[in-house]
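Letter by letter, the sequence shown follows residues 54 to 169 in our numbering.
C-beta: ideal position from N, C-alpha, C; glycine also.
Model, not experiment: these values are computed from the prediction.
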Amino acid sequence: MSANSLMPQIGDLDVDAEVVRTEGRPLDSLLETLGIELEDSPPRLDLPADGWRVLDRRDSGEMTLGAPTAPSALAWRVIHVSAEPRDRVLARGRVHPDEFPLRRSRSERAEGLGLR
54 MSANSLMPQI
64 GDLDVDAEVV
74 RTEGRPLDSL
84 LETLGIELED
94 SPPRLDLPAD
104 GWRVLDRRDS
114 GEMTLGAPTA
124 PSALAWRVIH
134 VSAEPRDRVL
144 ARGRVHPDEF
154 PLRRSRSERA
164 EGLGLR
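Take a look at the structure:
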């Protein structure tokens, strides 16, 4: 069993359980710290102002940011960040238009399943 199969998922993304449990930061603060500029669309009005954290970081510099949409943390908003620096911005972020559910790990979801 791989370590990833033990991680909870936000959508299809495997995320360390400790990252899910952390409180996160205000969106503007995290974007400034990481040197990320959001693309203009969709409007940011429906994004949580707080609770943002890095969910996944690739060797290429690409990353995924996320924040729960409610205190229950059962649904998350996600920003995909490219690693293409332009001008003075280190990276550009694109807000995914949909919320993603927090899902139990693949191994938890597979408990009790068997082949027939």
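- Residue pairing for Asp109: DSSP places it in a beta bridge opposite Thr117.
- Scanning Ala136, Gly77, Gly114, Gly119 for the CA closest to the CA of Gln62 turns up Gly119.
- Cβ neighbours of Trp105 within its own chain (closer than 6 Å, five residues either side excluded): Gly77, Arg78, Leu80, Leu83, Leu118, Ala120.
- Taking all protein chains shown into account, Gly146 has 16 or more neighbouring C-beta atoms within 10 Å of its C-beta and is therefore buried.
- Counting of Cβ neighbours within 10 angstroms places Arg157 among the exposed residues, the total staying below 16.
- For Leu155, the three-state secondary structure derived from DSSP is strand.
- DSSP places Ala70 within a helical segment (H, G or I) once states are collapsed to three.
- Cβ atoms of Val73 and Leu155 come within 8 Å of each other, at about 7 Å.
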